[in-house]
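Asks:
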Amino acid sequence: MRGIEHIFGRREDWVDKGVRLIRGKRTAPARVRALNGVDLTLRKGEVLGIAGESGCGKSTLGRAMVGLMHPTGGSVTYRGQPVMRGRRPRHLKLQMIFQDSGSVLNPRLRVKELIGEGPILHGLLARRDLEDFVADQLETVGMAPDVMNRYPHQFSGGQRQRINIARVLALQPETIVCDESVAALDVSIQAQILNLFMDLKDRFGLTYAFISHDLGVLRHISDRIMVMYLGRVVEEGPAAEVFANPRHPYTRALLENAPRLSRRNQTFQAVPGEVPSPLNMPSGCAFHTRCALRRPECSLSVPNLIGSGAHRHACPIVEAAA
Ligand SMILES: Nc1ncnc2c1ncn2[C@@H]1O[C@H](COP(=O)(O)OP(=O)(O)OP(=O)(O)O)[C@@H](O)[C@H]1O
Ligand SMILES: [Mg+2]
Numbered sequence: 001m002r003g004i005e006h007i008f009g010r011r012e013d014w015v016d017k018g019v020r021l022i023r024g025k026r027t028a029p030a031r032v033r034a035l036n037g038v039d040l041t042l043r044k045g046e047v048l049g050i051a052g053e054s055g056c057g058k059s060t061l062g063r064a065m066v067g068l069m070h071p072t073g074g075s076v077t078y079r080g081q082p083v084m085r086g087r088r089p090r091h092l093k094l095q096m097i098f099q100d101s102g103s104v105l106n107p108r109l110r111v112k113e114l115i116g117e118g119p120i121l122h123g124l125l126a127r128r129d130l131e132d133f134v135a136d137q138l139e140t141v142g143m144a145p146d147v148m149n150r151y152p153h154q155f156s157g158g159q160r161q162r163i164n165i166a167r168v169l170a171l172q173p174e175t176i177v178c179d180e181s182v183a184a185l186d187v188s189i190q191a192q193i194l195n196l197f198m199d200l201k202d203r204f205g206l207t208y209a210f211i212s213h214d215l216g217v218l219r220h221i222s223d224r225i226m227v228m229y230l231g232r233v234v235e236e237g238p239a240a241e242v243f244a245n246p247r248h249p250y251t252r253a254l255l256e257n258a259p260r261l262s263r264r265n266q267t268f269q270a271v272p273g274e275v276p277s278p279l280n281m282p283s284g285c286a287f288h289t290r291c292a293l294r295r296p297e298c299s300l301s302v303p304n305l306i307g308s309g310a311h312r313h314a315c316p317i318v319e320a321a322a
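Going by UniProt numbering, the letters in the sequence shown line up with residues 1 to 322, in that order.
Structure, rendered in structure tokens:
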């Protein structure tokens with residue numbers, strides 16, 4: 001596949017997670033299959049938006065992509081190599097930025113240590129160059145170099161997220177999985193940080209997998225969209241096409257209820273009805289319990305992704321009606 005340099009994911013069942021349920025006085029093990037049959041390729045230079053409600057497996061997918069979690073089946077590779085070595089991530093070029101910058105940043109370390117220690121540890125930076133290096137990194141994310149002696153609690157959420165971004169950029173990544181990286185921020189700050197992400201992408205030729213439950217955010221930045229529901233992909237395709245012509249009833253419901261970034265209402269309910277428990281997964285198409293188009297056959301078998309070209313979805317009912 002010419003031009004595709006970042007290959008993630010192949011086949012079948014991905015990540016099982018053990019959960020213990022309490023039944024009476026005894027505990028019985030149960031399994032949550034957090035991802036199932038997810039097959040994705042991330043192309044160099046693109047922004048892949050990964051959408052879906054809470055608990056659908058976005059973070060699990062993100063962690064598996066950067067080698068922070070071992071899938072129980074299938075494989076995850078980066079430039080042809082597995083992303084994990086033993087139980088640890090193999091590639092420094094794959095990094096992840098999390099939602100809650102506050103808890104990721106060690107409160108006892110100063111900004112210069114937060115940003116510089118990683119590169120020193122990995123042999124990318126000599127200790128004598130620490131301050132110059134950190135000053136450059138801070139400028140890159142739009143902060144003044146003189147904040148390097150402060151501690152994380154002395155900053156606002158948006159500034160902490162900039163420090164977090166600088167910390168990850170300092171490791172010279174090629175691909176960054178951003179997991180709800182703006183979700184904890186005020187709307188006006190969200191837009192600033194998204195713009196920063198896009199500037200950095202152009203400047204350093206980065207590739208992003210951008211995970212968000214918020215389609216308003218993904219609409220702003222994505223080249224391609226993948227919509228997940230209870231561990232499976234229900235729709236994927238070029239972002240412009242998916243937003244203009246959503247096919248799967250779940251994507252449609254998400255879009256109908258998603259406010260634009262410019263006029264955000266924080267209290268919206270994404271899709272009517274509850275997400276079923278992954279411990280008690282509905283049979284067939286997992287969305288059928290909430291779907292306006294459901295038919296008896298929807299509960300019989302798990303639909304595959306269908307459609308021509310890059311835009312594919314997993315709803316045979318929609319396809320038959322088209
Ligand atoms: N450590 C764990 N042990 C057991 N189950 C887990 C664990 N982490 C996640 N899960 C379960 O795996 C499923 C997928 O979780 P995941 O965190 O990937 O979802 P998510 O889409 O990122 O959700 P959110 O939007 O809330 O961050 C959920 O059912 C969740 O409860
Ligand atoms: Mg998550």
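Idealized CB from N, CA, C, for every residue including glycine.
Report, in whole angstroms, the separation of the C-beta atoms of G118 and A170, which I expect to be a contact under 8 Å.
Replies: Right, their Cβ atoms sit about 6 Å apart.
Asks: Say yes only if the C-beta of S212 is nearer than 6 Å to one or more non-hydrogen atoms of ligand 2, and no if none qualify.
Replies: Incorrect: S212 has no Cβ contact closer than 6 Å to ligand 2.
Asks: Heavy atom of ligand 1 less than 6 Å from the Cβ of T60, yes or no?
Replies: Yes; taking the cut-off as 6 Å, the Cβ of T60 has a heavy atom of ligand 1 nearer than that.
Asks: Kindly give me the distance between the Cβ atoms of M228 and A51, rounded to whole angstroms, as I take these residues to be in contact under 8 Å.
Replies: Yes, M228 and A51 are in contact; Cβ-Cβ is about 7 Å, under 8 Å.
Asks: Whole-angstrom Cβ separation of E174 and K93, contact assumed at under 8 Å?
Replies: The pair is a contact, with the Cβ atoms about 4 Å apart (cut-off 8 Å).
Asks: If you check the beta carbons only, do G67 and P89 fall under 7 Å apart?
Replies: Yes, the Cβ-Cβ distance between G67 and P89 is below 7 Å.
Asks: Within a Cβ cutoff of 8 Å, which residues of the same chain sit near G157, ignoring the five residues on either side of it in sequence?
Replies: The residues are S101, G102, A184, L185, D186, I189.
Asks: Got a sec? Which residues, its chain only, sit under 6 Å from F98 by beta carbon, not counting five neighbours each side?
Replies: The answer, listed in chain order, is V104, D179.
Asks: Sort V111, R290, V168, H313 by Cα distance to E96 and report the nearest one.
Replies: For the sequence presented, residue 96 should be read as Met rather than Glu. Of the candidates V111, R290, V168, H313, the one whose C-alpha sits nearest the C-alpha of M96 is V168.
Asks: Buried or exposed: where does P296 fall if 16 or more other Cβ atoms within 10 Å of its Cβ makes it buried?
Replies: P296 should be labelled exposed.
Asks: When we look at the beta-carbon of T77 and count the other beta-carbons within 10 Å, is it buried (16 or more) or exposed?
Replies: By the 10 Å Cβ count, T77 comes out exposed.
Asks: Between V275 and E53, how many whole angstroms is the CB-CB distance? I'm expecting something under 8 Å.
Replies: About 5 Å separates the two Cβ atoms, so the contact holds.
Asks: Assess, as a yes-or-no matter, whether the region 237-244 is touched by the region 303-313 under the definition of 3 or more beta carbon pairs within less than 8 Å.
Replies: As far as the Cβ criterion goes, the region 303-313 touches the region 237-244, which means the pair count is three or higher.
Asks: Any heavy atom of ligand 1 closer than 6 Å to the Cβ of P282?
Replies: No, since every heavy atom of ligand 1 falls outside the 6 Å radius drawn around the Cβ of P282.
Asks: With distances taken between CB atoms, is the gap from F210 to G49 smaller than 7 Å?
Replies: Closer than 7 Å, so yes.
Asks: Would the C-beta of C178 count as close to ligand 1, meaning under 6 Å from any of its heavy atoms?
Replies: Outside the cutoff, so no.
Asks: Just the C-alpha distance for Q161 and S75, rounded to the nearest angstrom, thanks.
Replies: When rounded, the distance between both Cα atoms is 31 Å.
Asks: Please name the residue, chosen from H70, V318, R87, V83, that lies closest to D248 on a Cα-to-Cα basis.
Replies: According to the sequence displayed, residue 248 carries His and not Asp. Nearest option by C-alpha distance: V318.
Asks: If we require 3 or more residues per run, which beta strand (DSSP E) segments fall completely within the region 228-299?
Replies: The qualifying runs are 232-238.
Asks: At which residue ranges does the region 82-145 contain complete alpha helix (DSSP H) runs of 4 or more residues, listed in the order of the chain?
Replies: Runs found: 101-104, 111-121, 130-140.
Asks: Which word fits L121, buried or exposed, when buried means at least 16 other C-beta atoms lie within 10 angstroms of its C-beta?
Replies: Exposed, since its Cβ has fewer than 16 Cβ neighbours within 10 Å.
Asks: Relative to the alpha-carbon of G37, which residue among S299, L255, R232 has its alpha-carbon at the smallest distance?
Replies: For the residues S299, L255, R232, the minimum Cα distance to G37 belongs to R232.
Asks: Just to confirm before moving on: does the CB-CB distance between residue 329 and V32 stay below 7 Å?
Replies: Beyond the ends of the chain as shown, which are 1 and 322, falls residue 329; an answer cannot be given.
Asks: Report buried or exposed for N257, applying the criterion of at least 16 other Cβ atoms within 10 angstroms of its Cβ.
Replies: Classification for N257: exposed.
Asks: For P316, which residues in the same chain have their Cβ closer than 6 Å to its Cβ, ignoring the five residues on either side in sequence?
Replies: Here the set comprises P303.
Asks: With DSSP as the reference, label N36 as helix, strand or coil.
Replies: The answer is strand: DSSP assigns N36 an E or B state.
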